[in-house]
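Take 29 as the starting number for the sequence shown in the numbering used here and just add one per residue.
C-beta atoms are modelled at their ideal positions from N, C-alpha and C, and glycine is treated no differently.
Note that the coordinates shown come from a computational prediction; the quantities given were computed from them, not determined experimentally.
What follows is one structure encoded as structure tokens, with my remarks underneath.
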Amino acid sequence: MNKLFSTIMSVCLACNVQATDLFKTSQDIALRAPSVPLITSDTYLAIWSPYNELNEGNTEHWTAATHPLLGALRVDGKVYRFMGKDKLNLETILPMTNTERWEAKFTMSQPAANWIQPQFDDSGWTKGKAAFGTKDMKRIGTEWNTEDIWVRRSFNLNQDLTNDIIYLRYSHDDVFELYLNGEKLVATDYSWNDDVTIELSASAKAKLRKGTNIIAAHCHNTTGGAYVDFGLFRENKQLSNFKEAAIQKSVDVLPTQTYYTFTCGPVELDLVFTAPLLMEDLDLISTPINYISYRVRSLDKKQHDVQVYIETPPQLAVHEPSQPTISEKISKNGMDYLKAGTIDQPYVKRKGDGVRIDWGYAYLGSNSAPNKDLSIGNYYDMKQAFITNGKLLPNSQDFITRSESDMPAMAYTENLGKVDNQGKSGYVMLGYDDIYSIEYFYERRMAYWKHNGQVSIFDAFERAQASYPSLMKRCRAFDQQLMADAEKAGGRKYAELLALTYRHSITAHKLLTDKEGNLLFLSKENHSNGCINTVDLTYPSAPLYLIYNTELMKGMLNSIFYYSESGRWNKPYPAHDLGTYPIANGQLYGEDMPIEEAGNMILVTTAISMMEGNANYASKYWETLSTWANYLIENGLDPENQLCTDDFAGHLAHNANLSAKAIMAIAGYGEMARMLGKETTANKYIETAKRLAIEWEKMAFDGDHYKLAFDKPGTWSQKYNLIWDKVFNMNIFPQKVFDTEIPFYLTKQNKYGLLLDSRAQYTKSDWVLWSACMSPDDATFQKFIDPIYTYANETTSRVPISDWHDTNTGKMMNFKARSVVGGYYMKLLMEKVKEQK
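Laid out in structure tokens, this is it:
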């Protein structure tokens, strides 16, 4: 395990941090996060705020499903909502399939242009039950397996809804449009979402009329699953909620902590979300517990009576809100907990991409104290109790729900009493015990922190409680050091991008061991097919883990080596993946990526050897690495028609960038041989790589740049794989290549970044940052960083930053919450390598 950057400095910073500093950011962050990380532990316990202000809307899981956190401060009897929004209490006008299998007319053939109009004759269409979609989706009434479906749902109204607040709610997969009596209400891009809820505008509401109405919808399925479900609802405004919003003054996202400050009438509230993801401590980064800390101070030199309220429902423990749940309160060893989970508990059964966990239990926990309370009860009555007297309802034990409308409030409160300008503070913990995390080659495995069942979730909470003061200091010191190192390496904007992506990348993984005790750090390919431990996600994410803990990097490779050496995978190149998360029983991806994955595995293994100063890890798998290296010598210079990591762009033969990867991997293998004392082998492979690089330069050269494919003059692409020649300092490729490519790239930038290649106007931001690292100086590096920073700061795609976006519009193409943003750390990795030398 390699040490943190400037370890001695980090320790000194930790020693000097004062308690009064812990609630204010150590530095102001100018970057507006596309989505703000709040609770981040793994791909299931992942709660984000996709808004500029924390109380602007509901917090979400990265899949866009609502995972609500609600927070309020009661000051002298007046309540200010600082986090989230109250759940809408909706009365059904038109049901969705979670309550009723509604019927509609549908066709899978292109209809006439006026199909959206009420008077359209749909007598030739087929009648079917919702939901419409592929059989693997939920509550399917009519199977839909073609590219397109058109649906017309007729309904009658006998009342005037003019003075009501009306909501449309819909679920879709993929591209979806919806019309009410001919007026377009919805037009999505390529995406898939559940239970999107929008309030009808006055003009849309005016379209509703007594008698017959029509909702017409069209969905286009690009690939994979397909789905359509929608309904219409009216808000019941009679029930209690937290109407008054606190005024947000600031938000700052640092690597392990997010800081908010609010004004709540005469007091100031500081709110800090902490995910103690310090990578040198495997128990710590594996333990699924985060902190929500708060401090309240008077602004007017007077004392004020203050109570804090924080709430979440059992939704954190379900895939869909209609799943039955049970919640209870537990008191143990001086701690109080609220626990919630599904009744069925289908351990490690549900797999796929846009899914939430529905096994294990969510916990809200705090130390027992006379001025604190945790309670489960009716969602609206709980708020009324807090509004009225600053207290919670008496706890309802074994609270069972069988629908979304039954979901209770799982609430925490602390009575801070009289608060002056010195302030008072506290915190609550949110955690998740998944019992079993992963099925690894047909065996259920627990998370690392459980140590094969020896550590319970209660042990973990008690340790988190005891460690709180020291962890707050450690996290603050780490954040300060990372930001200082990043700013030194690449400037302030670069540092802010790294702060945004630190938790993002780590929490796309799960840490565990196999039955022999080998570390496994398995990624989920979020929002791009749901594969587990995809090798071409491991590769771009590598810089972050090479810097801070090479053991985690090995944890991404171990399972792929095992898969090949066990005989389960017998091809002369690595597998693409191990299955669909959380089931890791073998590759499920439809096509291999031979050169891509062989190059990836060898290059990352070489990088581990470089960071550790020895090739001991490589020696364990030398025979397998040799097979892959020889495959690349035979097939890598001029690749056949095949996929690479940029598979969204389609197949490509004679791929120059893929060829560069193969050549650098051959060189990397030679360098590892040298580290192992195999001089003859080392010389052979390094000289082979240099010879192939000379051939590559001739084949790819196209005047003022190098081609996308050897047989396609007039094309170009980012040659981001060449970065390893700079990282390893091997001089495999002529300097002419870099001197030619980088100036050319500067002519191919749009407002939001450097294009990936000549085929489209989109890019991959991780690869842009790799290409930027080949710049000859800091000024040139900044020319590539600035547009990516602008993209992050301005994109209207309010998701955990998408690594695949349109360089003209700044909108995501697809992909979000993926581990690959660890690749943003390449510049910092290069500085670390220089520091070691």
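Query, Result
"Neighbour flag for F148 against chain D, beta carbons, 8 Å", "This model lacks chain D altogether; it includes just one protein chain."
"Burial state of L50, where buried means 16 or more other Cβ atoms lie within 10 Å", "buried"
"Proximity of V861 and K844 at Cβ, strictly below 8 Å", "no"
"According to DSSP, residues forming a beta bridge with N842", "W832"
"Nearest-angstrom Cα separation, counted from P78 out to Q509", "27 Å"
"Where H532 sits in the DSSP three-state scheme", "helix"
"Boundaries (first-last residue) of the beta strand (DSSP E) holding S182", "D176 to L185"
"Identified DSSP bridge partners for G418", "Answer by DSSP bridge pairing: none, since G418 is not bridged."
"N480 to R473 span [Cα, whole Å]", "8 Å"
"Range of the contiguous alpha helix (DSSP H) that encloses Y496", "I485 to G518"
"CB-CB length for A159 against T125, believed under 8 Å", "5 Å"
"Neighbourhood of D605 by C-beta distance below 8 Å, restricted to the same chain and skipping five residues each side", "E553, C559, I560, N561, T562, V563, Q615, L616 and Y617"
"Proximity below 8 Å, CB of N86 to CB of K113", "yes"
"As assigned by DSSP and simplified to three states, the class of Q425", "coil"
"CA-to-CA distance, Y530 to R504, given in whole angstroms", "14 Å"
"Nearest-angstrom beta carbon gap, F486 and F290 [assumed within contact, 8 Å]", "Contact doesn't hold; Cβ gap of about 33 Å is too wide."
"Cβ contact (3+ pairs, closer than 8 Å) linking the segment 252-263 and the segment 63-75", "no"
"Three CB pairs or more closer than 8 Å across the segment 274-286 and the segment 521-537", "yes"
"Host alpha helix (DSSP H) of L763 (start-end)", "The residue asked about is misnamed: residue 763 is Gln in this sequence, not Leu. Q763 to L774 is the span of the alpha helix (DSSP H), which, as asked, contains Q763."
"Alpha-carbon to alpha-carbon, P316 and K277", "30 Å"
"For I816, the first and last residue of its enclosing alpha helix (DSSP H)", "D806 to E822"
"From H332, D461, S847 and N117, residue whose alpha carbon lies closest to that of Y375", "D461"
"C-beta atoms of M581 and I636 nearer than 8 Å", "yes"
"Whole-angstrom C-beta distance between C801 and D764, which should lie under 8 Å", "A small correction: the amino acid at residue 764 is Lys; Asp does not occupy that position in the sequence shown. 18 Å between Cβ atoms; not a contact."
"Nearest-angstrom Cα separation, counted from K747 out to Q482", "48 Å"
"At least 3 beta-carbon pairs within less than 8 Å: the segment 760-777 vs the segment 585-594", "no"
"T886, buried or exposed, once every other Cβ within 10 Å from all chains shown has been counted against 16", "Residue 886 falls outside the range modelled here, since the chain spans only 29 to 865, and no answer is possible."
"For N663, the nearest candidate out of K648, D675, Y601 and T633 (CA to CA)", "Y601"
"Per-residue DSSP class, three states only, for Y195", "strand"
"T120 - partner residues in DSSP beta bridges", "F261"
"Through-space distance from T652 to G595, alpha-carbon basis", "12 Å"
"Cα-Cα separation between V848 and L550, rounded to whole angstroms", "13 Å"
"Own chain partners of Y773 with C-beta closer than 8 Å, once the 5 adjacent residues on each side are dropped", "Q746, L782, S799 and F812"
"Rounded separation between D201 and S803 - CA only", "41 Å"
"Alpha helix (DSSP H) segment containing K133, residue limits", "No alpha helix (DSSP H) holds K133; the beta strand (DSSP E) holding it covers E131 to T135."
"Secondary structure, beta strand (DSSP E): runs of 3+ residues fully inside the segment 544-576", "547-551"
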